[in-house]
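In UniProt numbering, the protein residues as written are 1 to 331. Here's the structure we're looking at; comments come further down.
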Amino acid sequence: MKKRVVTLGEVLMRLTTATHERFEQSNTYRVHFGGTEANVSISLAQWNLGATHITSFPNHSIGKTACDYLKKSGVDTNNIKFNDGRMGLYFLENGVMQRSSKIIYDRFDSSFSKLNPTIFNWDEILKDVDWFHWTGITPAISESAAQLCLDALTSAQKLGITVSGDINYRRNLWQYGKSPLEIMPELISKTNVIVGGLTDFENCLDISANNFEEGCKKVQQKYTTVHTLSNTQREIISASQNKLSAILWRNNKYNISKTYTMENIVDRIGGGDAFMAGLIYGLMYKEEEDALEFAVASAVLKHGILGDANLVSVEEVEQLVQGDNIGRLLR
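Printed below as a string of structure tokens:
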């Protein structure tokens, strides 16, 4: 029977300057849709899992187009809501060589930020679901979004569903009068798999540590529901060349992945989401070391794909893990 995953989060319209033009130069923008949790859902749908995304869109043509994008990607959109808010946007200027990329967000008063949390029956949505995924972006957007996330996690925990959370601390998002330390600890207490680093632990959980292993032990001491922690490690040589690896703490064991050198990066947006999707898939079907390698390889492949979503197959990810068919012309 196909395993089922539910994700929750805002979807934005992305506008990217042409080629590598700067904002001041570009008269043409490429349009994509993406959101960190929806990107995870799209990957899992590509890998033949039953993926459902929960969000809301403005009730107009652009909102309906964004919803259709998820549906065409194989994601179940039956629980998506439409309201009178606006479509959140972000603008991307892709960097190259030593020039950094830039992102400008325009998501204030978006449809998702105004979503009424009481309109969802989470027990029904999560019936027969194997995994629920959230990120720290959602509770940072608005008070109603934070309540929506808490309601979903409470139901998931009651139903015995595995819950993953990418802490994803974004300082500039917390603008509605609450701090991360007022919201995030309760959400983490209902979560089993965490992706985050030392900065996330400190700002969202008030946990300081000298290294990742020490941080993981402190998180688990304080939050007994958390059994797995992971994070990517990126070395930035230039905007065009990065090195990527990852670490995983599970069953009191510290795993380190192989390191990939990524040259001539096409688009790094969504790389973390590709890692998260790979980790979810890996932990469902593989041993922990293999799960980590699958997640990193998934993230690496995303860097060669335009847009937010990681449009690769399980076979392509596994071939990269094994070192097969790298860069070859496949006929």
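Yeah, the Cβ is synthetic: ideal placement off N, Cα and C, and Gly gets one too. Since the model is a prediction, treat every value here as computed from it, not as a measurement.
On the three-state DSSP scale, how would you describe residue i?
i           : result
Ile280      : helix
Ser41       : helix
Met184      : helix
Tyr105      : strand
Glu316      : helix
Asn168      : coil
Ile256      : strand
Ser245      : strand
Tyr176      : coil
Val321      : helix
Ala51       : strand
Tyr223      : coil
Leu115      : coil
residue 360 : The requested residue 360 does not occur in the structure, where the chain is confined to residues 1 to 331.
Val300      : helix
Ile125      : helix
Ser189      : coil
Phe212      : helix
Leu8        : strand
Phe57       : strand
Phe33       : strand
Gln25       : coil
Asn310      : coil
Out of curiosity, what's the CA-to-CA distance linking residue i and residue j?
i           : j      : result
Arg99       : Thr261 : 19 Å
Met97       : Phe120 : 46 Å
Gly50       : Phe132 : 12 Å
Val129      : Ile161 : 7 Å
residue 373 : Glu315 : Nothing about residue 373 can be reported from this structure: the residues present for the chain run from 1 to 331 only.
Met184      : Phe275 : 22 Å
Val321      : Ile237 : 23 Å
Asn116      : Ser110 : 13 Å
Cys67       : Val11  : 9 Å
Thr215      : Glu289 : With the sequence shown as reference, residue 215 is identified as Gly, and Thr is not the correct amino acid for it. Looking at the two C-alpha atoms, the distance is approximately 20 Å.
Glu143      : Tyr176 : 7 Å
Arg107      : Arg30  : 18 Å
Ile305      : Lys64  : 24 Å
Asn4        : Trp47  : Note that residue 4 is Arg in the sequence shown here, rather than Asn. Roughly 11 Å separates the two Cα atoms.
Ser113      : Asp151 : 15 Å
Gly323      : Asp267 : 22 Å
Ala277      : Glu21  : 31 Å
Glu263      : Gly85  : 40 Å
Asn27       : Arg14  : 15 Å
Asn242      : Glu186 : 35 Å
Phe33       : Trp122 : 25 Å
Ala18       : Tyr105 : 18 Å
Lys218      : Ile207 : 7 Å
Thr16       : His60  : 22 Å
Gly197      : Ala291 : 19 Å
Phe82       : Thr55  : 9 Å
Gln157      : Tyr285 : 21 Å
Tyr223      : Thr191 : 9 Å
Glu182      : Gln25  : 42 Å
Glu318      : Ser257 : 14 Å
Leu159      : Ile326 : 42 Å
Glu287      : Arg171 : 35 Å
Thr154      : Gly88  : 27 Å
Relative to the C-alpha of residue i, which candidate in the options has its C-alpha closest?
i           : options                        : result
Ser240      : Leu15, Lys2, Asn94, Arg107     : Asn94
Asn168      : Asp273, Thr224, Arg14, Arg22   : Asp273
Ser230      : Ile194, Lys178, Tyr90, Ala145  : Ile194
Ser189      : Gly177, Thr225, Asn83, Leu244  : Thr225
Ser41       : Trp134, Ala297, Asn210         : Trp134
Ser164      : His53, Trp122, Ile280, Met1    : Ile280
Thr234      : Leu244, Trp122, Ala299         : Thr is not the amino acid found at residue 234; the sequence shown has Arg there. The shortest Cα separation from Arg234 among Leu244, Trp122, Ala299 belongs to Leu244.
Phe212      : Thr55, Ser179, Tyr223, Thr232  : Thr232
Thr259      : Val300, Ala291, Trp122, Gly282 : Val300
residue 340 : Phe57, Thr55, Phe91            : Since the first and last residues shown for the chain are 1 and 331, residue 340 lies out of range.
Asp200      : Glu186, Pro180, Asn192         : Pro180
Ile125      : Lys102, Gly196, His53          : His53
Asn252      : Gln220, Gly282, Gly271         : Gln220
Ala145      : Ser155, Leu8, Gly271           : Leu8
Asn254      : Gly271, Ile265, His227         : The sequence shown places Tyr at residue 254, not Asn. The shortest Cα separation from Tyr254 among Gly271, Ile265, His227 belongs to His227.
Thr118      : Lys127, Gln147, Ser101, Lys102 : Gln147
Gly271      : Lys302, Phe23, Glu202, Ser257  : Lys302
Tyr69       : Ser313, Val317, Ala309, Leu44  : Ala309
Leu311      : Leu159, Leu44, Phe294          : Leu44
Thr77       : Met87, Ile62, Phe57, Leu89     : Phe57
Would residue i pass as an interface residue toward chain B - the criterion being a Cβ-Cβ separation below 8 Å?
i     : result
Thr19 : Protein chains in the displayed structure number just one, and chain B is not present.
Do the region 242-252 and the region 62-77 make contact, defined as three or more Cβ pairs closer than 8 Å? As far as the Cβ criterion goes, the region 242-252 does not touch the region 62-77, which means the pair count is below three.
Quick check: the region 133-144 against the region 30-38, are at least 3 beta-carbon pairs closer than 8 Å? A contact exists between the region 30-38 and the region 133-144.
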